[in-house]
Every structure is written in structure tokens, then in C-alpha cells.
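Asker: Numbering (our numbering), first residue to last: 18 to 95.
(1) Would you kindly check if the distance between the Cβ of residue 36 and the Cβ of residue 1 is under 7 Å?
(2) For the ligand COA, I want to know if residue 45 counts as a neighbour, meaning its beta carbon is within less than 6 Å of at least one of the ligand's heavy atoms.
(3) Out of 46, 53 and 52, which one is the CA nearest neighbour of residue 15?
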């Protein structure tokens, strides 16, 4: 299977779609936690930890996406 510009574009679009879908899903879940979170201390702590973990996951996902989409470095002295 040849790798051409069309397959590269489709791959980048698929990566973009997955990144956007995961961010939208995480944002909806964070909104749900903020609006409908229970009032007990233990449940608030779990919700807070979950929000922190989701923010870290979103950040990691976006930085990984940026690394994938970055053009390759030129090989030096070949």
C-alpha cells in the first residue's frame, strides 16, 4: 500500500477528529461533574481528583497530537 499525500491527509484528519472528540467528551463530563456533583466531602474529593486527571489527560492528548502533526526534523550531515 503506497503512502501518498491523500493517505497522509486522511490520517491527520482522523487524528484531529479523535483529539476533538476526546476533548469535547471530557468537557461535557467536567460540566456534568460541576453541575450535578454530590455535596458530601468524599464525593467532592473524588470529583476534584477526576477533574484534575481529565485536565492532565487532555493536556497530554493535545501535546501528543502536536508532536504527531509537527513536520519531521531535517537529518543533519548525511
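Glycine included, each C-beta is placed from N, C-alpha and C at the ideal position.
Answerer: A quick look at the data gives this:
(1) Examination of residue 1 is not possible in this model, given that the chain is present from 18 through 95 alone.
(2) The ligand COA is absent from the structure shown, which contains no ligands of any kind.
(3) The structure shown does not extend to residue 15, since the chain is modelled only from 18 through 95, so no value can be given for it.
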